[in-house]
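First up is the structure itself, then whatever we jot down about it.
Numbering (the working numbering), first residue to last: -13 to 367.
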């Protein structure tokens, strides 16, 4: 995964040496920012909306954009476009381009659901092999310091009885771990002997061993023996019936297709974002002043992160905090509600463009492109 991700980025943009090497001081600051990113992502795993607040505390544009994109749960495919539209990847940003690539890679990886440890190593690799190796050692020490050492804990079951035989087929066991996923695998292995756990950790490699160990410690804290036994049986079923893997893939695809109607409408988000980006700043500011905190919070759900930055910069810091508090307390909404929220904003924007003494038959002085976007948005059902 790490090599694959770096290869893709280098093919698209070239390596750091081709885009300008960062100075030592700037490099140290960037490494510290990546450390903080790892901690923030771990602490907000259950509440991504909390990243809105983190974005406002970030000074660097790339870092701010990364937190905004993740807070708004932007689709991975749209993250590259957001960085491009922000100007961070343009030719005039040559000296800052390595930093932008660093945050683009990390943001996209987190959005794809890659474990924070893997993302941390991907981002560290942009500083070169020497830094990547030292940062991996730092991650190992950090994990050892924060994790409780595994003690002997055995949950009787079929997996416990057959794990020694399973280890005789390491490739098959590795494939099963990939199919099952780390959470299920960790829950299953949490009830195995430490002797076998050490052999399993050797199979998944140094990075996988860090992740799996952390998850096993967590599983032992939150699961009772019956739940671990159930996980063991599920893992064993996958191991003994590898032919079910294609069926599982089809079921996952079907589940994803059924979930599509509940996802935000990308076209709606893009249209509303374009309206915010194209509107005059003074008009947009006046429109926001006429909107309530909850209405602004609802509008933010209809925008890409690049538009969040422009919108939030047009309201006072005190109001930013109130809006962010509203967002954190708001439940997920339907696509229909998002459309109504976006249309309400468009109507208020039109009202702001219209002078108080507008005469009948007089055309509003709205740029043609913006007029078309608003008309399209208001015409949607």
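Each residue gets a CB set at the ideal place from its N, CA and C atoms; glycine is no exception.
How should residue 83 be labelled, buried or exposed, when 16 other C-beta atoms within 10 angstroms of its C-beta is the threshold for buried? Looking up residue 83 in the chain shown gives position 97. Buried, since its Cβ has 16 or more Cβ neighbours within 10 Å.
Assigned exposure category for residue 287 - 16 Cβ within 10 Å defines buried: Numbered from 1 along the chain shown, position 301 holds the residue referred to as residue 287. Residue 287 comes out buried.
Buried or exposed (CB count within 10 angstroms, at least 16 for buried), residue 102: Walking along the chain shown from the start, residue 102 turns up at place 116. When all chains shown are included, residue 102 counts as buried.
Between the region 352 to 362 and the region 257 to 268, can you find at least three pairs of beta-carbon atoms closer than 8 Å? In the pairwise beta carbon analysis, the region 257 to 268 is classified as touching the region 352 to 362: at least three pairs are separated by under 8 Å.
On a CA-only basis, which of 143, 190, 150, 176 is nearest residue 163? Give me that one, please. On the chain shown, residue 163 is found 177 positions in, with the first residue counted as 1. Among 143, 190, 150, 176, the Cα nearest to that of residue 163 belongs to 190.
Which residue wins for smallest C-alpha separation from residue 254, given the options 339, 194, 327, 216? By 1-based counting over the chain shown, the position of residue 254 is 268. That would be 327, whose Cα lies nearest to the Cα of residue 254.
Closest to residue 20 by C-alpha separation, out of 279, 214, 112, 140, would be which residue? Translated into the one-based positions of the chain shown, residue 20 becomes position 34. With distances taken between Cα atoms, residue 20 lies closest to 112.
For residue 242 and residue 11, I'd like the C-alpha separation in whole angstroms. Residue numbering aside, residue 242 sits at position 256 when the chain shown is read from its first letter. Residue numbering aside, residue 11 sits at position 25 when the chain shown is read from its first letter. Annotation note: pLDDT 45 at residue 242 (below 50); position unreliable, no value reported.
Per-residue DSSP class, three states only, for residue 296: Working through the chain shown from its first residue, we reach residue 296 at position 310. Helix.
What separation, rounded to the nearest whole angstrom, lies between the Cα atoms of residue 332 and residue 292? Residue 332 sits at position 346 when you count from the first residue of the chain shown. Residue 292 sits at position 306 when you count from the first residue of the chain shown. If I take the Cα positions, the gap works out to 18 Å.
Would residue 283 and residue 320 be called neighbours here (beta carbons separated by less than 9 Å)? For the purposes of this step, residue 283 is taken as residue 297 along the chain shown, with counting starting at 1. For the purposes of this step, residue 320 is taken as residue 334 along the chain shown, with counting starting at 1. Not a contact, by the Cβ cut-off of 9 Å.
Quick check on residue 28: buried or exposed, where buried means 16 or more other Cβ atoms within 10 Å of its Cβ? By 1-based counting over the chain shown, the position of residue 28 is 42. Classification of residue 28: exposed, given that the 10 Å Cβ count is below 16.
Is residue 66 closer than 9 Å to residue 88 when the C-beta atoms are compared? The residue given as residue 88 occupies position 102 in the chain shown. The residue given as residue 66 occupies position 80 in the chain shown. No. Outside cutoff.
Any chance the region 92 to 108 sits against the region 181 to 197, with 3 or more Cβ pairs inside 8 Å? yes
Taking the alpha helix (DSSP H) that residue 267 belongs to, which residues open and close that run? Position 281 of the chain shown, counting from 1, holds the residue named residue 267. Start and end: 267 to 275.
Since residue 295 contacts residue 136 with CB under 8 Å, what's their CB separation in whole angstroms? Here residue 295 corresponds to residue number 309 of the chain shown, with the count starting at 1. Here residue 136 corresponds to residue number 150 of the chain shown, with the count starting at 1. About 44 Å separates the two Cβ atoms, so there is no contact after all.
Can you look up residue 29 in the DSSP assignment and give me helix, strand or coil? Stepping through the chain shown from its first residue, residue 29 is reached at position 43. Helix, per DSSP.
Kindly provide the ranges of any alpha helix (DSSP H) runs that are 4 or more residues long and lie completely inside the region 127 to 188, ordered along the chain. 144 to 152, 156 to 166, 168 to 175
With the cut-off set at 9 Å, would you say residue 176 and residue 220 are in Cβ contact? Stepping through the chain shown from its first residue, residue 176 is reached at position 190. Stepping through the chain shown from its first residue, residue 220 is reached at position 234. Going by C-beta atoms, residue 176 is not nearer than 9 Å to residue 220.
Quick one, which of 257, 179, 281 has its alpha-carbon nearest residue 334's? The residue labelled residue 334 in the question sits at position 348 within the chain shown. In this structure, 281 is the residue among 257, 179, 281 with its C-alpha nearest to the C-alpha of residue 334.
For the pair the region 31 to 41 and the region 56 to 63, tell me if three or more CB-CB distances fall below 8 Å. Yes: at least three Cβ pairs fall under 8 Å.
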